[in-house]
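In my numbering, the protein residues as written are 357 to 1081.
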């Protein structure tokens, strides 16, 4: 600052001494000196004095220094230019978990939860494995000061296959004979479970809700002859088709139970189809032969239509007449099963890594995730590391069908396996691996493969949409190719304007009726059966049926929260709800419907659907009259058209609605403002009487017209959905 002041003062002295500058250029206290100095530095000053008194170089030197100081005044020393720092990009995917999103943005789980605290989402209920929608994923990335990009599949990026696969077939020399696995199949209420009860002297059928089997069960039965057979009991109800298919695929022999009094029914045919698709031989047990109306011969003849040819008709299918309730001829059925097993020469390798199949899975309060499994190869022991689907287990306990702990399970044995990290799905293949690390690798690989396939499917769908959009754009451009650019621009403006106007009407459409559902069941197979039934729902035009959530286990507080959020109902099958849960559901107005019989659950679901549908208005004709004459009546200053009529049938009631029918067309519908018999105002006119009436609007009556009186009645609407039972 001192240096700048000295320069300014020096310039002033020189200018005053030499009289080279005008007084207007001497004021340096205002903003003008900067412009003046620049002018002096760039131009020669016009001087009026003698040539010898001029000293322009010195003045220009001082002026240049002054301009430089004024120009750079206020700038800091070594000031660096600002750098535009780009935001960090985060690669996201659809339906990421909280933990996966935290890893993607390099933060902890608490950061994700805190970012969603002030949003409509219930952040307090989030767990690390909670799945987030696309909206909340983007919100977290935005609040974290980052940008996002969608994950893309890289064709060049290849990952080593770390999946577990079954072992090659064993050497026949090391294989030993094993017990047969027999599945009992057939129509509902044909006596399948009662047959098993008789074989093992138990009372399972008495404990079944509704008298029907609703789960697949595996039991090992020791016969009096010393042989052991593993029986699979499958449900016969139409809802449990997938369970029967799994039973057929995991078995060696199918015993087809057909009631002698009913004959071949719907599920009987379906069981035959499952057995043939699995390539499993069939033994026919003609049950209920002790009844008076029993006709075993008719049953065997009906089976011919489905390519099940019994031995007496020249086929190879054994047909045994039994009575499961009285225990008649059961030994012959067992002998036939053992004989067929000997013919099949069933063998398995008792040593080596375990291979099996999950028959059923459920959650138990004391045991956690539990699966019923059939061992097909090797010996299952405590401590084995198993992989099934996208989960794994270190076997902690093994139980037989009677709940007794066992230390080992060989081929053809059915056991309950305890120790799963998560619940596998029924039908998953069980494979034994070397270590927990190897099990995690297998699960990680399978999860990666599933995610890759899902992303590939989504990417293919996006590419198809983009291709369609591009084709439509090209067609539109081709149609406008003959126009100049101004005409094309005007055409696009008019089209976009029309499209924008159409969007407003879309928002005025009333919301569709919907019934959100939360499904809870005791085992995975039951959930699968209910979901399969709901897939047959075909009345979406009446009411949308949406499965918001489904799971295994008792009804929880989270289920109520979800139902309350979506305005839905909770349906539980063979599960319980604590007293506090029931009270909370009643207080919050959440419908909680618990059932132990599947067809009753579906019936109540249909009843709830019916209650949501608006009633149908029906028109009930009360009476009709024929117009005989037309005349006008003056009321005050207004003329009113009056129709003279005779009531043909029923009666005309002034309080109800009327319509005017001419030929086959309805010309008017509304109310009457006057109804008279002779000169008296009346409310009703009966058949055979004459009357005069006036409509509430300008209506032209003609002789021969029919005036009909009707009442509107609301009838409850019924859903057209038919689940098949």
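A virtual CB, placed ideally from N, CA and C, is assigned to each residue, including glycine.
- Below 8 Å, too few C-beta pairs join the stretch 679 to 691 and the stretch 703 to 722 to call them touching: fewer than three.
- In chain order, 910 place their CB closer than 7 Å to the CB of residue 932, counting only its own chain and leaving out the 5 sequence neighbours on each side.
- Fully enclosed beta strand (DSSP E) runs of no fewer than 3 residues occupy 741 to 744, 747 to 755, 770 to 776 and 785 to 789 of the stretch 741 to 795, in order along the chain.
- When rounded, the separation of the alpha-carbon atoms in residue 741 and residue 750 is 5 Å.
- Close CB contacts of residue 453 within its chain, under the 8 Å cut and outside five residues either way in sequence, are with 484, 485, 486, 487 and 488 (chain order).
- For residue 630, there is no enclosing beta strand (DSSP E); the residue is found in the alpha helix (DSSP H) stretching over 622 to 634.
- Between residue 1077 and residue 894, the gap from beta carbon to beta carbon is short of 8 Å.
- Separation of the CB atoms of residue 709 and residue 788 is rounded to 4 Å, and the pair is thereby assigned contact status at 8 Å.
- Residue 872 is bridged by DSSP to 902.
- Separation of the CB atoms of residue 904 and residue 929 is rounded to 16 Å, and the pair is thereby denied contact status at 8 Å.
- Residue 893 is not bridged by DSSP to any residue.
- A contact is defined here as three or more CB-CB pairs under 8 Å, and the stretch 833 to 840 fails this definition with respect to the stretch 879 to 897.
- Its chain contains 585, 586, 587, 588, 607, 608, 609, 610, 611 and 693 as the residues whose beta carbon lies nearer than 8 Å to that of residue 538, once the 5 sequence neighbours on both sides are disregarded; these appear in chain order.
- By the C-beta criterion, the stretch 1039 to 1057 is judged to be in contact with the stretch 986 to 997, since at least 3 inter-stretch pairs fall below 8 Å.
- Cβ neighbours of residue 444 within its own chain (closer than 6 Å, five residues either side excluded): 502.
- Within 10 angstroms of the beta-carbon of residue 1058 lie fewer than 16 other beta-carbons, which makes it exposed.
- DSSP, reduced to helix, strand and coil, places residue 693 within a helical segment of the structure shown.
- Per DSSP, the beta bridge partners of residue 987 are 998.
- Pairwise C-beta distances place the stretch 972 to 988 out of contact with the stretch 938 to 949, as fewer than three of them are shorter than 8 Å.
- With a threshold of 16 other beta carbon atoms within 10 Å, residue 775 meets it and is buried.
- Residue pairing by DSSP places residue 666 opposite 673 in a beta bridge.
- Under DSSP, residue 927 shares a beta bridge with 875 and 949.
- Contact holds between the stretch 648 to 662 and the stretch 614 to 622, because three or more Cβ pairs, one in each stretch, are under 8 Å apart.
- Counted as a single uninterrupted DSSP element, the beta strand (DSSP E) harbouring residue 1040 occupies residues 1040 to 1042.
- One alpha carbon belongs to residue 1011, the other to residue 868, and they sit about 34 Å apart.
- In this structure residue 980 does not touch residue 1013 by the C-beta definition: roughly 13 Å separates them, more than the 8 Å allowed.
- With respect to residue 707, residue 735 sits close: the two C-beta atoms are nearer than 8 Å.
- With at least 16 other beta carbons inside 10 angstroms of its own, residue 898 counts as buried.
- CA-CA distance, residue 541 to residue 549, rounds to 10 Å.
- Apart from sequence neighbours up to five positions away, the residues of its chain that approach residue 520 with a beta-carbon distance below 7 Å are 743, 787, 789 and 798, ordered along the chain.
- In the DSSP assignment, residue 723 is bridged to no other residue.
- The way I'd put it, the stretch 723 to 735 doesn't touch the stretch 493 to 501; fewer than three beta-carbon pairs between them come closer than 8 Å.
- Around residue 726, the same chain offers 717, 718, 719, 720, 772, 773, 774 and 776 as residues with beta carbons nearer than 8 Å, after the five sequence neighbours per side are excluded.
- With 16 or more other Cβ atoms inside 10 Å of its own Cβ, residue 551 counts as buried.
- Taken through DSSP and simplified to helix, strand or coil, residue 1057 comes out as coil.
- Residue burial annotation: residue 546 is buried, with at least 16 other C-beta atoms found within 10 angstroms of its C-beta.
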